[in-house]
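Asker: In our numbering, the protein residues as written are 24 to 173.
Backbone N, C-alpha and C fix where the C-beta goes; we use that ideal spot for every residue, glycine too.
Here it is, the structure in full.
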Amino acid sequence: QQVHQAVVSTQSTGAKCVVKVLQFHPGATIGFVAGYTKSLDLFEVDGENNKHLHRHHFVNFPIDCAKFTADGNEVILGSKRPHFFTFDLHKCTAIKMAGIRNRPEIHYKNFELSKDGEYLGFQGHEGLFSVFSAKDKQLVKCINHRTRIN
């Protein structure tokens with residue numbers, strides 16, 4: 024019922040576009056939806072009213088992937104763009120994170136956070152994976168894997 028209610032609440036905000044991500048906070052009663060509206064919508068998830076808390080719009084950034092960090096203080100957002108964003112939940116601010124220099128074909132559409140919360144792994148083109156520190160968002164290593172992953 025919580026998922027259904029969150030989707031219904033999203034409709035009440037006037038967002039009329041594809042929702043790509045719905046995720047619940049690891050330690051609080053909030054969740055978010057994000058997608059091709061280019062917006063991150065935060066909700067209080069109580070199973071009844073699911074009050075809309077905040078919307079942040081990202082210019083020219085349709086959101087394909089978004090996840091809470093392990094500590095729950097940020098949301099990382101990815102798109103088919105040469106950069107990604109972090110959103111600080113305490114300050115309600117977004118920071119644009121530059122992509123890897125000299126790799127213009129890289130996009131940040133698909134990523135995973137490591138279980139320990141220390142790393143972000145972005146899937147790039149032609150088997151390239153970029154590993155970033157989740158703390159400071161700096162590139163740690165690029166890994167080239169020749170097998171195609173769908």
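For lysine 90, which residues does DSSP report across the bridge?
Answerer: BP columns for lysine 90 point to Ile99.
Asker: Can you list, in chain order, the residues of its chain whose CB lies under 6 Å from that of valine 44, leaving out five sequence neighbours each side?
Answerer: Hits under 6 Å: Ala57 and Ala89.
Asker: Please work out which residues of its chain come closer than 7 Å, Cβ to Cβ, to valine 31, disregarding the five sequence neighbours upstream and downstream, and give them in chain order.
Answerer: Low local confidence applies: a pLDDT of 44 at valine 31 is under 50, so the model's placement there is unreliable, and no value is given.
Asker: With 16 as the cutoff for other CB atoms within 10 Å, does aspartate 69 come out buried or exposed?
Answerer: Per the 10 Å Cβ criterion, exposed.
Asker: Tell me whether alanine 157 is buried or exposed, calling it buried when 16 or more other Cβ atoms sit within 10 Å of its Cβ.
Answerer: Its Cβ being crowded by 16 or more others within 10 Å, alanine 157 is buried.
Asker: Identify, in the order they occur along the chain, each residue of the same chain with its Cβ nearer than 8 Å to the Cβ of asparagine 96, setting aside the five sequence neighbours on each side.
Answerer: Cβ neighbours of asparagine 96 beyond the five flanking positions: Asp111, Leu112 and His113.
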